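Remarks on the structure that follows.
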Amino acid sequence: MRHAPALKASTAAQPIDYLDFIRSKIITLPPLGLPVAANDVHPILKDHQAALVRWAVEGGRRAIFAAFGLGKSLIQLEIMRQLGQQMGGRQLIVVPLTVLVEFKRDAALLGMEPVFIRSTADLALHADQPAGRLYLTNYESVRDGKIDLTLFNAASLDEASCLRGFGGTKTFREFMRLFDGMQYKFVATATPSPNDYIELLAYAAFLEIMDVGQAKTRFFKRNSEKADELTIHPHKEDEFWLWVNSWAAFVQRPSDLGFSDEGYELPDLDVRWHEVASDHSAAGEDKGGQGLLLKKDAIGIVDASREKRESLDGRIAKMMELRAEDPTAHRILWHDLEREREAIERAIPSVASIYGSLDLDAREKRIIAFSDGEVQELAAKPVLAGSGCNFQRHCHWAIFLGIGFKFNDFIQAIHRIQRFLQQHQVRIDLIYSEAERAVRRVLEGKWARHKLMVARMSEIIRTYGLGLTGAREVLARSVTSKPAFECAEGPDWKVWEGDTVLQTAQMASDSVGLIVTSVPFGTQYEYSPSYNDFGHTDDSDHFFAQMDYLSPELLRVLQPGRRLAVHVKDRVVPSGMTGLGFRTIEPFHARCIDHYRRHGFAYLGMVTIVTDVVRENAGTYRLGWTEQCKDASGMGVGLPEYLLLFRKPPTDRSNGYADVPVAKGKPLVEFIRDDDLIEGEGLSDVLEPWDDKAVRELRARPAPGTGYSRARWQTDAAGYWRSNGNRTLLPEDLAGLPWDSVYQRVRAWSWATVYDHEGHVALMEAAEARWALPTDFALMPVQSWHPDVWTDVARMYGANTMQSAKGREQHLCPLPFDIVDRAIRNWSNPGELVYDPFGGLMTVPLRAVKHGRRGAASELNPDYFRDGVSLLREQDAGRATGDLFSLLADMGEAA
């Protein structure tokens, strides 16, 4: 009889239909601001500027990513004017000092007189100002806590590139803290994310649209072996950009918003690269002391800095050669180092320079003089004059004395002269050394990605306009409402592609002998583009709310008295999410225990599966050796995985036995015919069924290998297992051995001897002294002899090994075969159905069939489903024709 569930969450106060729960996941971003009528916008604003002002004010927390020259300063000023008129109070715009003059000029066009302040004390000087007064300040004053932001009801960050640093810069950390909870806030920049799409998440976090960690989980694919190495899921890319479009406006030209581009034609860009020869006589040596014929690419910071020094004379000569083409032209000379500025000033005595130690008033005068054409040549660092300044009226030529990796500074510097209203073709000369070819490649790659990003966003904003109304209809199409899109089966297995909640609800009650699964690790990963995905949740509470629909179905389909084995791992909570300044651990396994107990499962305990702490640190940077040396008080420990063991209560509660027990036959016995038993003589030739009394009375003994022996039971249930060793392993035993041999020897030694912590450390230190201790995996991990702590799980031995060999996509969180094999052998009978509600690459059905059981699984991701079905069919063919998996077995033994 099939079950027809209502699919209501059993723990909710007011149950919600499952599909309604899924639809509620679709991104919603309600307006948080105030309405603005079209005729209330200042008439001096262009149509596209007015549209952006209305959208931003009505949204309340928005990002204006408008191209250079589209009027971001006017837009921000008008946003603050509108809020000031409607709410009163004080508004604040944070600006780089170099653009202060531009803001004051634009404010005058709107009839505004903003006041520049450097501290809260400055506000007292303007206490008589009317409500709705606008104030300007610089980033340093805010970052250093000189201004009390609680005195303002709205703020905007102009050229907010400081937010890209995430937790790595003081400015980002302080701004996240200081602006937290402000009612209305905005950011504006023309280069929101030149290096990596993921940098956009910093803006979303500042605007309190979505937490960085939550956004990473929702949209990005993690490399489990490399910390912060994230790439956007191909199947999530559309949703990502639609989500960005809900709170950020990427506008490259007025026509993106449906207005005329008249007067907004961007001038052509003439980019010329100039390579100067490197001095190869200073190529140096390699690590082995061998002299190098040619210099290596200057990729690292130290190498790049050295190359800048050594190539300076050649680059200055090239600059003067280019300058000689038109000595009277106005041009800006961009550089990064003080040494370079000094060399420019020696070569061109008439140049006007700006630098960090220059008085702010003097800096402002020189910038204005160059902008107005009164000065012919300006030497400046992009970090000082590359943002906000408008040099296009009298200059259309820039020479970069050097190049670097900071694309934001680079592109901002270019657009000081390549702007709307520029009347000439813009010439950009880039000088670099032969050893900086790799730097050029990186810079060009970032430039190409930047162009792709803005093109993509322009396309979306032209299609859907400002906001998310049209996009929601597109996103809703990914909700799955039917149990399975596809079903595949073999002689002993059956698997479904679809939502596991809907599919499990179709299964017969009490039909499954064992459930083995690796549940999604909360919000850690998303496995498919569908909103039905359990990883597509906001936080742990949201994840377990969806689990509330599945777990009652698992209890229903499991036979009374039988096992549920759940593979889980605790999760690292980043410091940016804890607010504590250091990472903590969410006890995800404990939440799972509580969850399943609430749904009627009895908890029986857990098996600990040790992981490689060195590999884990490469994936999180949480346990670093260097950080341990700095302050051990903040260091945690490696996170093991757990196999949580649950049981559905049996029908008959009087003895606790399952309705269908997992029975194991005891060994056959050999009866002793004679009183004297010498080397096997005197035994009966016929094996008899187990006779407990005869064995106790020493009239019979178990025949090895004929059943589940007492000896095997002791290794399954006892607290430890050991074997003898004759001496401690010495460091010289490892000299010259390859790493795989070292691992095997240390493992054998650890199992066979009394553990000596100091001896273990000494052994590893000896290996390190020989440069033989790897940094990317644990060569000599602590081994366990305890049956409930598994250190011998072969992580190569899994479905991902087969995926990798075939060049297919690997599973995000692969479940090793070893874990599944032990669960199947220990807790199911031959011929029974073993089910996995999160099938992935179908590891559980694969191993179930391998061990004489029947397998079943559900999987939402269509790619995983197809690949898993392929593996199942290959195994069927291998079982019929020969030893198809022998190679994998060998790999498992070697690991």
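So this note's numbering is basically just the index in the sequence shown, starting at one, shifted up by 222. Cβ atoms here follow ideal geometry from the backbone N, Cα and C, with glycine treated the same way. In this text, all values refer to a predicted model and were calculated from it rather than measured experimentally.
Does DSSP put residue i in a helix, in a strand, or in coil?
i: T320; result: helix
i: G650; result: Looking at the sequence shown, residue 650 is not Gly but Ile. Of the three classes helix, strand and coil, the one that applies to I650 here is strand, per DSSP.
i: H616; result: coil
i: Q313; result: strand
i: Q781; result: strand
i: N877; result: coil
i: V498; result: strand
i: P924; result: strand
i: S655; result: strand
i: K368; result: coil
i: G206; result: Only positions 223 to 1117 of the chain appear in the structure, and residue 206 is not among them; the question remains open.
i: I625; result: coil
i: V723; result: helix
i: N360; result: strand
i: R918; result: helix
i: R1088; result: helix
i: H912; result: In the sequence as presented, His is not what sits at residue 912; that position holds Trp. Reduced to three states, the DSSP call for W912 is coil.
i: L951; result: Only weak support is given to the placement of L951: the predicted model assigns it a pLDDT of 34, under 50, and the question is left unresolved by the model.
i: R303; result: helix
i: D492; result: strand
i: L516; result: Here the model assigns L516 a pLDDT of 49, short of 50, so the residue's position is not dependable, and the following value carries that caveat. L516 falls in the coil class under three-state DSSP.
i: R561; result: helix
i: T806; result: strand
i: Y942; result: Low local confidence applies: a pLDDT of 28 at Y942 is under 50, so the model's placement there is unreliable, and no value is given.
Alpha helix (DSSP H) containing residue i: first to last residue?
i: A607; result: 604-607
i: P1067; result: 1065-1072
i: K458; result: No alpha helix (DSSP H) holds K458; DSSP gives it neither H nor E.
i: E484; result: Note, E484: premise wrong, no alpha helix (DSSP H); not H, not E.
i: F592; result: 582-593
i: I815; result: 810-820
i: F428; result: 422-428
i: E543; result: 534-545
If residue i sits next to residue j, beta carbons under 8 Å apart, how far is it from one beta carbon to the other, in whole angstroms?
i: R921; j: I894; result: 6 Å
i: L379; j: L400; result: Rounded, the Cβ-Cβ distance is 11 Å, inconsistent with contact.
i: M542; j: I653; result: Rounded, the Cβ-Cβ distance is 11 Å, inconsistent with contact.
i: Q768; j: F243; result: 7 Å
i: F481; j: H270; result: 5 Å
i: W463; j: I682; result: 5 Å
i: S680; j: F472; result: 6 Å
Note down, in chain order, each residue of its chain lying with its Cβ closer than 6 Å to the Cβ of residue i, except the 5 sequence neighbours on either side.
i: V882; result: Q781
i: N360; result: L319
i: L314; result: Y357, F374, A377
i: Q725; result: P705, A706, W718, S1080
i: D714; result: V1071, R1076
i: Y1057; result: V734, I737, A1078
i: W619; result: A551, R553, R649
Excluding sequence positions up to five away, which residues of its chain have a Cβ less than 7 Å from the Cβ of residue i?
i: D558; result: K603, G624, G626
i: I538; result: A565, A569
i: F592; result: A574, L600, F613
i: G712; result: L1094, R1095, D1098
i: K1042; result: Reading the sequence as shown, one finds Val at residue 1042 and not Lys. Answer for V1042: V738, T1065, V1066, R1069, listed in chain order.
Who are residue i's beta bridge partners in DSSP?
i: S773; result: In DSSP, S773 forms no bridge with anything.
i: A285; result: V409, A470
i: L1094; result: Beta-bridge pairing links L1094 to no other residue.
i: A787; result: V738, L867
i: I1146; result: The chain is shown from 223 up to 1117; residue 1146 falls before or after that span and cannot be answered.
i: Y1057; result: I737, A1078
i: W715; result: G712, G1077
i: W556; result: A602, F622
i: A574; result: L600
i: S378; result: I315, F408
I'd like the span of the beta strand (DSSP E) that includes residue i, first residue to last.
i: M828; result: 824-831
i: N1083; result: Run containing N1083: none; DSSP gives neither H nor E here.
i: Y753; result: Looking at the DSSP string, Y753 is not in any beta strand (DSSP E), and its letter there is neither H nor E.
Which same chain residues end up closer than 8 Å to residue i when comparing Cβ atoms and leaving out the 5 residues on each side of it in sequence?
i: A787; result: L736, I737, V738, T739, L865, L866, L867, F868, A1045, W1049
i: G367; result: E396, L400
Could you check whether the Cβ of residue i sits closer than 8 Å to any Cβ belonging to chain C?
i: H637; result: Among the chains in the structure shown there is no chain C, since it carries only a single protein chain.
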